[in-house]
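Worksheet: the structure to be examined is printed underneath.
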Amino acid sequence: MTTFYRTKITEVGPDVADLIDGGVLILFAAGAPPELAEVSVLHEVIDGSTPQAPPVGAKIRIGEVEATLTAIGSLAWAKIADMGHVVVNFDGATTSNRPGELNASVLTTELLASSLKPGAIIAITA
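As numbered in the UniProt record's numbering, residues 1 to 126 make up the sequence shown, in order.
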């Protein structure tokens, strides 16, 4: 198994719940500007991104919850490497509408919300 990225949640912004109701999760490296931190899950990188982006079909695991990547925007992996920032849409779409975003299989709001806790590990593997 290849680990493409591994990070630890440090803080969950107060407005994250509003976005995950729509299946959207914003990750941003710790130290994000306050206006972005409010809507983001802040994290500290444990294992930085690999030079190669993960393939469609790779797994994204948040704590004990797992989804499958269904689309990878053309700029998403560069944003993760450069800023520790990416938007993940848990909508099952097979093409990404925005080049800086990832798409993953659908997760219920409750399941996604239950996984977002400081200390939880987020990993992308294949």
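Even for Gly, the Cβ is constructed at its ideal location relative to N, Cα and C.
Pairwise C-alpha distance: residue j and residue i
i: Thr68; j: Pro34; result: 30 angstroms
i: Trp77; j: Pro14; result: 26 angstroms
i: Phe90; j: Arg98; result: 14 angstroms
i: Lys59; j: Val106; result: 13 angstroms
i: residue 149; j: Val65; result: Look at the range of the chain in this structure, 1 to 126, and you will see that residue 149 is not part of it.
i: Thr94; j: Val12; result: 28 angstroms
i: Ala53; j: Phe4; result: 7 angstroms
i: Ile9; j: Val41; result: 7 angstroms
i: Gly48; j: Ser114; result: 25 angstroms
i: Ala29; j: Ser96; result: 22 angstroms
i: Val86; j: Val24; result: 11 angstroms
DSSP beta-bridge partners of residue i
i: Ala67; result: Ile60
i: Val45; result: Thr7
i: Asn97; result: DSSP, once it has assigned bridges, lists no residue as partnering Asn97.
i: Ala29; result: His43
i: Val12; result: Val41
N- and C-terminal bounds of the alpha helix (DSSP H) containing residue i
i: Thr109; result: 109 to 115
i: Val87; result: Unbroken run through Val87 is the beta strand (DSSP E), 86 to 89; no alpha helix (DSSP H).
DSSP three-state assignment for residue i, whether helix, strand or coil
i: Ala37; result: helix
i: Ala53; result: coil
i: Val24; result: strand
Start and end residues, beta strand (DSSP E) containing residue i
i: Ala78; result: Per DSSP, Ala78 belongs to no beta strand (DSSP E); it is in the alpha helix (DSSP H), 76 to 83.
i: Val16; result: Note, Val16: premise wrong, no beta strand (DSSP E); alpha helix (DSSP H) at 16 to 20.
i: Thr125; result: 121 to 125
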